[in-house]
Amino acid sequence: MAENSKITSQTTPFKTPHLALTTISNVKLHVLVQLSLSQPNYKKWSSLFLLLVRRFNLQGYLDGSVVPLSDDDDKWCQLDALLQGWILSTIIDEVSDLVISSLTTASALCKVIHYLFHDNKYARAMQLEHEFRTTVKGSTSMVAYCQQLQNLADWLDDVNAPVSQHQLVLQMLRGLPADLQSQTSFMQFQDPMPNFLQVRLALMLLDRQRSNPVDPGSTALLTTRADGHLHGGTNGGSGYGGQHGGSSYRDGNSGQRGGSR
318 MAENSKITSQ TTPFKTPHLA LTTISNVKLH VLVQLSLSQP NYKKWSSLFL LLVRRFNLQG
378 YLDGSVVPLS DDDDKWCQLD ALLQGWILST IIDEVSDLVI SSLTTASALC KVIHYLFHDN
438 KYARAMQLEH EFRTTVKGST SMVAYCQQLQ NLADWLDDVN APVSQHQLVL QMLRGLPADL
498 QSQTSFMQFQ DPMPNFLQVR LALMLLDRQR SNPVDPGSTA LLTTRADGHL HGGTNGGSGY
558 GGQHGGSSYR DGNSGQRGGS R
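Laid out in structure tokens, this is it:
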């Protein structure tokens, strides 16, 4: 009896499960974006998901290059089912309801999702480009205005019609009210041109100053430093990039005017 047990253990050695099966307990901790039809996040989602899959060398299951060795290839079926579960766990219900009927393999599921977000992409790109070029601030908040333009740029990127940083910045400036355009027109002539985040920060500062005028003894500044970056501050007060007490910025050292030497 002991000999039979020994022979059995030798002929059926223990197989170590694939690392992906034992390492990832919550895929949402690794893919932080939930794929949605109402958010411009397909490219972000697919990039994060592919990074996770590549960690375990499973990308062949998504592109279809890894196929089962037979109809009862348990290892292949197990890993393919794992990837299907990861996909369904990182998309919202409105997306899963549209693709659930394609739940045959992870590769088929990926293809359907890709098609869902790229169907009629040329027509969608034209529509999005028109909306991008005609977006103005109007009565919306500065935060909402900047976010709307960023979202449109992300949507265009999702349909392979990317918007450059320069195009995004120029449209931000062109869509401003006349009074803000007069204060920010110089930005488009800077070399190098400030990026989206820099311009957004400057616009937020100007918008706050319009909403909450400073006292007569404090004058707002929005200048360009020698290194080409936007630089704002206030005389006699605190502000963007400034410090209390009228700090100086020469050589990165701060000091107070009228202070002891």
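So the sequence shown is residues 318 to 578, counted in this note's numbering. Every residue gets a Cβ at the ideal spot worked out from N, C-alpha and C, and that includes glycine. In this text the structure is predicted, and so the values were computed from the model without any measurement.
Asked	Found
Buried versus exposed call for Arg491 [16 or more other C-beta atoms within 10 Å across all chains shown]	exposed
Environment of Asn358 [buried if 16+ CB atoms lie within 10 Å]	buried
For Thr452, three-class secondary structure by DSSP	coil
Whether Phe449 touches Gln488 by CB criterion (8 Å)	yes
Coil, strand or helix - Thr407 by DSSP	coil
Contact between the stretch 514–524 and the stretch 470–483 (3+ Cβ pairs under 8 Å)	no
8 Å Cβ cutoff, Arg450 in contact with chain B	This model lacks chain B altogether; it includes just one protein chain.
Three-state secondary structure assigned by DSSP to Thr422	strand
Alpha-carbon to alpha-carbon, Leu523 and Gln500	9 Å
Under the three-state DSSP convention, the category Leu352 falls into	strand
Cβ-based neighbour list, Leu405, same chain, cut-off 6 Å, excluding 5 preceding and 5 following	Ser413
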